[in-house]
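Just so we're aligned, residue 0 is where the sequence shown starts under numbering that gives the first Met the number 0, counting upward by one.
Even for Gly, the Cβ is constructed at its ideal location relative to N, Cα and C.
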Amino acid sequence: MPRKSDWQKVLEGMETALVGSLWKMKMADQKSKVVQTNPTHQLTFNFLITAILRKKNLLPEKHQLLHINIALVNYHLKKSAIKLHDDILQSRLQRTKYWVSVLLKLIDQLSSARYSVPRVPRPRIATISKTYEVLTSTSEEVFMIYARMTRKSFFSLADDIKNHYIFYNNSTNPQAPAEMQLLVALSHLGLYGNGGSPHVLAQYYNISGEFHPAPNMSYR
């Protein structure tokens with residue numbers, strides 16, 4: 000058997016190291032996840048390994064063809080698996096986008112609507128004229144609970160202020176008579192002044208729950 004030169008030994012060592020490195024790369028690539036696997040790399044590794052084995056005559060021709068065919072089959076299987084995985088991810092992404100758009104529309108509708116259901120006004124039985132009529136015809140004790148004074152003092156004060164121009168306007172919606180406005184004012188002055196006061200007046204006199212200050216000092 001002819002003696003191998005040092006150069007041939009070095010070359011064979013390099014070729015063996017190359018085959019070993021390619022094989023390790025192939026194994027590491029096969030162990031990785033499908034989304035991280037490039038089937039072209041595996042096919043290249045298999046072809047390189049087969050070419051080196053063929054050159055060194057380390058495998059019979061039949062085994063070399065079998066190795067190449069297996070490599071091609073694995074390549075197509077990996078490629079199909081990656082495509083299927085991508086299709087699944089794309090389908091999930093589309094479903095996620097759809098539900099996100101539904102949620103955004105729902106949030107927008109809820110944000111733009113002041114009430115989630117139509118508001119039904121609560122009917123009120125009392126009116127300012129009806130309450131005034133009842134209180135002026137009831138007992139003195141009940142009248143004083145709301146007017147904070149006797150009936151005689153109330154009508155005397157009403158006569159003194161009823162001709163003041165602040166109780167009249169030129170609009171098509173005239174103000175209530177001065178004595179009714181006086182009764183509302185006295186009832187308001189006798190309340191605690193907390194957040195429930197406007198609601199009490201609205202319940203008894205059927206008026207708005209808001210109070211507006213006089214426009215200037217001359218009206219006060």
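Item	Value
Are there 16 or more other CB atoms within 10 angstroms of the CB of Y145, so buried, or fewer, so exposed?	buried
For S128, does the count of other Cβ atoms within 10 angstroms reach 16, so buried, or fall short, so exposed?	exposed
According to DSSP, is T135 helix, strand or coil?	helix
Pick helix, strand or coil for M179, following the three-state DSSP scheme.	helix
Which class does A201 belong to by DSSP, given the choice of helix, strand or coil?	helix
Suppose contacts are defined by Cβ-Cβ distances below 8 Å. Is L181 in contact with I160 by that definition?	yes
Please state the DSSP three-state secondary structure of S170.	coil
Give me the Cβ distance between L188 and R147, rounded to the nearest whole Å; I'm assuming they're in contact under 8 Å.	7 Å
How would you write the range of the alpha helix (DSSP H) that K161 sits in, first residue to last?	Taken as a continuous stretch (DSSP letters only), K161 belongs to no alpha helix (DSSP H), as it is neither H nor E.
By the 10 Å Cβ neighbour count, where 16 or more other Cβ atoms means buried, how is T130 classified, buried or exposed?	buried
Could you check which residue in S170, Y97, M179 and R94 has the C-alpha nearest to that of L156?	M179
Quick check on the burial criterion: 16 or more other C-beta atoms within 10 angstroms. Buried or exposed for I206?	buried
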